[in-house]
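Numbering (my numbering), first residue to last: 3 to 1000.
Where is the CB? At the ideal position from N, CA and C, for every residue including glycine.
All values derive from a computational prediction rather than experimental measurement.
Single-structure report; data block below.
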């Protein structure tokens, strides 16, 4: 019992060490669990939401639409739980200019169900539910009416709609009709699209713009009122996928098994079957057209023949009358009256030659008959020409049918192809990678500080340990005094750390996340396993340091322990050998130098602890500086143009005329901009069909006219980059990169995320969903957005081929349809404010879809999520620095009490004693700061390499001010600690402190 009381008394006496160990453990556990818990809570709530709304696991798209036969084939795939046929239509409407939207049918099979936020779900024809973004932009509300018009389909889609045959399950239907939705609409609800959780007021809405291939809004309509049997896509749910977390590798493997089965058999068979359906439908149309033409020609020929017969009868009658009259006249002039009477009684018989001659004579003598004959002959000639022309046309159609209908392609995509899903996943993964890295530094510092504190605690009880061991107490029992002390401190600190880690930090992160994404049903959850392991990690580290300190002392005999520890032998330090410097240092300066360098363990612990804390602060500030400069570097340095204007294809000419008439442009470059996808090429043919199989990035595909390839360098800074180390990259000379017809130029942000470099093969998807395998000619320095530049010729080579997989002959540039230059990059005159105002005014024009001012983007670019995480890390690093300095300062004072007492006996005033002790700590702190500054830059570079976010590349930069802030903050913490240490120095009693141990 006395042993326990003494142990408790010792614990109470060492309360400062207890608080230090508890605080370090609290910070470490909070960092270890906090960021992880925040990301995990977001992951789990999003996964629950996806499961509740039935977000599709697989989506199948086809260049020719999907028929009932395609849907039936997908249902038979092993592993498919549900299949839902999707019908949609692109429409346009007027909203401060021409805007576009996708009319999406609400599925009846429970897949991709919109989440109701306000109002009710649409049930009748003409009712729709809209997103909150549309409500915000339009100013409309529930009950408002809207009129839309179907958008003109592209040539490919039109051809498909016109020539679609019946599917395999209904051969007699003739053709499949494209979906058609009502145009008079009424808003009855506000919903959240499960495919896009982006907050319309968040970061993504502020920094992104849409190209011609992406509609501005999505409207959800019921099946009532929707016509057309052709499906635009099919969505699938995979068996067992809902039981897995959508962000885990196990989910990806489950879905991949099904997509592989679709790619392996169904895809190939249905592509061929669908094309044959289109061919059969085309042949049927040609046959029907021939039959209809033959019937019309036969009717026309019958009419002509009837008219000619009537004409001939009329002429023959005149011929007969003239022949009879001539015969009667000749008989009247003769002598034989009986013969004349007989001749007049009968019509004379004329041979055919005479009759034909008389016909021609009669027709020639009569203008009316001549005109009638000419009309009959002309009608017959025209009919013959029409017959020949129609037959030639039909034969040409028959010959061209196979070449005019392209090979049908299926694209099998998983959730990774959804921009909102991949952005959320990448954001959380990147933040979680920071949460996995920083606790390592906290753990190392905790172990170092615990070793210092516990080693000093054991050394102070040296004689007491010898007494207990001499009295027969086991070394384990004696060591338990210190092990239980450290364990209790870790458990209390860890418990408080779990509260901060699973409640405080996640709540802070989720507030920021909810500003970027809408996540219904978000709640904080505790992970018993991870929380227990987090505490156990620090318990093991601190106990290991305590055991080491105990072993170092207790391996001696009780007699040795009862005697005071022999002072460290004196030795020369390196500075003493530099005589010119040493001789000029004062007495107290020499004492300070010896104290610093002779006690190497204290030197290492102090410098290492301070360096680690300083490095954490620099690292956090480095990430903040990197993010803060992204907008300026991208929109001031890389983008040399001031304005980007995007229009619809049909309005491209009007848009250019509008911009030119305003007189603000000093130079410009017409380009084509499409929204596409870039993925690592799997099989080399670019037709793997799975956008997410090897990783993919949403890109902005920029096609440049062949005659103006050299002008691209005037609008965009083209600098080749190569991957570097520690977050750096090698940047080539400005202007040394040229766009040519041998490959594409890929933005550094996309190349870094996918691991692409010059010479790589990638799968490129254009705005029409057509995929092709492209060669990467170079990687261009780019920080925001994922631009891929391609020449006009190379674009035609990639996407204009009839069948890139089965044939080698593609369209020539003369035969292919010329690209529509739907965008303009322009340099403007005037100030930044005037350029921003001009871009806003352009957006009000009906011919402009989007106008982006680089000046506005540079000033307004923000990354709230990363800024919040950096602020959190810097705050925790500052707290750790304060605790470390406090622990080291108190340990330094406790092990030098006799020295301080001696100085007081020698006549040192309290202020002089303060200066004597604090000077050493300040010098050690400065040394730690000097070491921590470059270490922080090193760690910051390593961490930014792990931050692969969509359309962002972190080019590491640390401003000089950040180094100053980190150094000043650490020194300020050191000065703050002195305020707590100085009273301890003042309370040292020289008499009691100098008493002999014996």
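**OP:** Given a cut-off of 8 angstroms, decide if residue 221 and residue 123 are closer than it, judged by their beta-carbon atoms.
**Re:** Against the chain shown, residue 123 aligns to sequence position 121. Against the chain shown, residue 221 aligns to sequence position 219. In this structure, residue 221 does not lie closer than 8 angstroms to residue 123 by Cβ.
Original post:
residue 94 by DSSP, collapsed to three states: which one?
Top reply: If you number the chain shown from 1, residue 94 lands on position 92. Residue state, collapsed to three classes: strand.
Original post:
Thinking C-alpha only, which one of 872, 839, 851 is nearest residue 859?
Top reply: By one-based count along the chain shown, residue 859 stands at place 857. The shortest Cα separation from residue 859 among 872, 839, 851 belongs to 839.
Subject >> Three-state secondary structure assigned by DSSP to residue 402 >> reply: Looking up residue 402 in the chain shown gives position 400. Residue 402 falls in the helix class under three-state DSSP.
Original post:
Given that a residue counts as buried once 16 or more other Cβ atoms are within 10 Å of its Cβ, and exposed if not, what is residue 846?
Top reply: As a working mapping, residue 846 is identified with position 844 in the chain shown. That one is exposed.
**OP:** Report the option in 906, 989, 100 whose CA atom is closest to the CA atom of residue 851.
**Re:** The sequence position of residue 851 within the chain shown is 849, counting from 1. If we check each option's Cα against that of residue 851, 100 comes out closest.
Original post:
For chain D, is any of its Cβ atoms less than 8 angstroms away from the one on residue 923?
Top reply: Absent from the structure is chain D; it holds one protein chain and no more.
Original post:
Taking residue 235 as the reference, which of 85, 370, 119, 267 has the closest Cα?
Top reply: Taking the first residue of the chain shown as position 1, residue 235 is located at position 233. Nearest C-alpha to residue 235: 85.
Original post:
Counting Cβ pairs, one atom from each stretch, are 3 or more of them under 8 angstroms apart for the stretch 985-994 and the stretch 898-907?
Top reply: yes
Subject >> Limits of the alpha helix (DSSP H) - the one that residue 583 falls within >> reply: In the chain shown, counting from the first residue as 1, residue 583 sits at position 581. 581-584 is the extent of the alpha helix (DSSP H) around residue 583.
Original post:
Excluding the five sequence neighbours on either side, which residues of its own chain have a C-beta within less than 7 angstroms of the C-beta of residue 420, listed in chain order?
Top reply: Translated into positions along the chain shown, residue 420 becomes position 418. 197, listed in sequence order.
Subject >> Same chain, Cβ closer than 7 angstroms to residue 631, neighbours up to 5 away in sequence not counted >> reply: By 1-based counting over the chain shown, the position of residue 631 is 629. Taken in chain order, the residues that qualify are 959.
Subject >> Opening and closing residue of the alpha helix (DSSP H) in which residue 13 lies >> reply: Reading the chain shown from its first residue, position 11 is the one you call residue 13. Note, residue 13: alpha helix (DSSP H), 4-15.
**OP:** Just tell me which of 920, 372, 504 has its CA closest to the CA of residue 528.
**Re:** Indexing the chain shown from 1 puts residue 528 at position 526. Selected option, being the one with the closest Cα: 504.
**OP:** Sort out for me which residues DSSP pairs residue 200 with in a bridge.
**Re:** The residue you call residue 200 lines up with position 198 of the chain shown. The partner list for residue 200 (beta bridge, DSSP) reads 519.
**OP:** Under the assumption that residue 620 contacts residue 968 (Cβ atoms under 8 angstroms), give the Cβ distance between them as a whole number of angstroms.
**Re:** Residue numbering aside, residue 620 sits at position 618 when the chain shown is read from its first letter. Residue numbering aside, residue 968 sits at position 966 when the chain shown is read from its first letter. Rounded, the Cβ-Cβ distance is 5 angstroms, consistent with contact.
Original post:
Assuming residue 800 and residue 776 make a contact with CB atoms under 8 angstroms, what is their CB distance in whole Å?
Top reply: For the purposes of this step, residue 800 is taken as the residue at position 798 of the chain shown. For the purposes of this step, residue 776 is taken as the residue at position 774 of the chain shown. That pair is a contact at about 6 angstroms.
Original post:
For residue 773, which residues does DSSP report across the bridge?
Top reply: For this step, residue 773 is matched to residue 771 along the chain shown. Residue 773 pairs with 767.
Original post:
What residue from 843, 706, 933 has the CA that sits closest to residue 790's CA?
Top reply: By one-based count along the chain shown, residue 790 stands at place 788. That would be 706, whose Cα lies nearest to the Cα of residue 790.
Original post:
What's the C-alpha gap between residue 370 and residue 354?
Top reply: Within the chain shown, the letter at position 368 stands for residue 370. Within the chain shown, the letter at position 352 stands for residue 354. Cα to Cα, the separation comes out at about 24 angstroms.
**OP:** Evaluate residue 823 with the Cβ neighbour count: other Cβ atoms within 10 Å of its Cβ, from every protein chain shown; 16 or more gives buried, anything less gives exposed.
**Re:** Stepping through the chain shown from its first residue, residue 823 is reached at position 821. Under this definition residue 823 is a buried residue.
Subject >> Neighbourhood of residue 481 by C-beta distance below 7 angstroms, restricted to the same chain and skipping five residues each side >> reply: As a first step, residue 481 must be located in the chain shown, where it is residue number 479. Result list for residue 481: 552, 556, in chain order.
Original post:
Which of helix, strand or coil does DSSP assign to residue 25?
Top reply: Your numbering for residue 25 matches position 23 in the chain shown. Looking at residue 25 - three-state DSSP - the assignment turns out to be helix.
Original post:
Considering residue 416, what are the terminal residues of the beta strand (DSSP E) in which it resides?
Top reply: Against the chain shown, residue 416 aligns to sequence position 414. Run containing residue 416: 412-416, per the beta strand (DSSP E) assignment.
Original post:
Tell me which same chain residues have a C-beta within less than 6 angstroms of the C-beta of residue 882, skipping the five on either side of it?
Top reply: Mapped onto the chain shown, residue 882 falls at position 880. Excluding positions up to five away in sequence, the list reads 29, 615.
Subject >> residue 936 in three-state terms, based on DSSP >> reply: Here residue 936 refers to the residue found at position 934 when the chain shown is read from its first residue. In the structure shown, residue 936 sits in a helix (DSSP, three-state: H, G or I).
Subject >> Integer-rounded CB distance, given that residue 24 should sit under 8 angstroms from residue 533 >> reply: Counted from its first residue, the chain shown places residue 533 at position 531. Counted from its first residue, the chain shown places residue 24 at position 22. The pair is not a contact, with the Cβ atoms about 17 angstroms apart (cut-off 8 angstroms).
**OP:** For residue 119, write down the residues that DSSP places opposite it in a beta bridge.
**Re:** Within the chain shown, numbered from 1, the residue matching residue 119 stands at position 117. None, per the DSSP bridge assignment.
Original post:
Hey, residue 599 and residue 575: beta-carbon distance below 8 angstroms or not?
Top reply: In the chain shown, residue 599 corresponds to position 597, counting from 1. In the chain shown, residue 575 corresponds to position 573, counting from 1. The answer is yes: Cβ separation under 8 angstroms.
Subject >> Coarse secondary structure for residue 307, derived from DSSP in three states >> reply: What you label residue 307 is simply residue 305 of the chain shown in a count that begins at 1. Note: residue 307 maps to helix in three-state DSSP.
Subject >> CB of residue 129 within 8 angstroms of CB of residue 202, strictly >> reply: Here residue 129 refers to the residue found at position 127 when the chain shown is read from its first residue. Here residue 202 refers to the residue found at position 200 when the chain shown is read from its first residue. Contact: no.
Subject >> Three-way DSSP call (helix, strand, coil) for residue 179 in this model >> reply: As a position in the chain shown, residue 179 is number 177, starting the count at 1. Three-state DSSP puts residue 179 in coil, outside helix and strand.
Subject >> Exposed unless 16 or more other CB atoms sit within 10 angstroms - verdict on residue 417 >> reply: What you label residue 417 is simply residue 415 of the chain shown in a count that begins at 1. It counts as buried.
**OP:** Taking all protein chains shown into account, decide if residue 19 is buried (16 or more other Cβ within 10 angstroms of its Cβ) or exposed.
**Re:** Against the chain shown, residue 19 aligns to sequence position 17. Counting Cβ neighbours within 10 Å, residue 19 comes out buried, since at least 16 surround it.
Original post:
residue 625 and residue 36: beta carbons closer than 8 angstroms?
Top reply: Taking the first residue of the chain shown as 1, we reach residue 625 at position 623. Taking the first residue of the chain shown as 1, we reach residue 36 at position 34. The answer is no: Cβ separation not under 8 angstroms.
**OP:** Indicate the three-state DSSP secondary structure (helix, strand or coil) for residue 110 in the structure shown.
**Re:** As a working mapping, residue 110 is identified with position 108 in the chain shown. The answer is coil: DSSP assigns residue 110 none of H, G, I, E or B.
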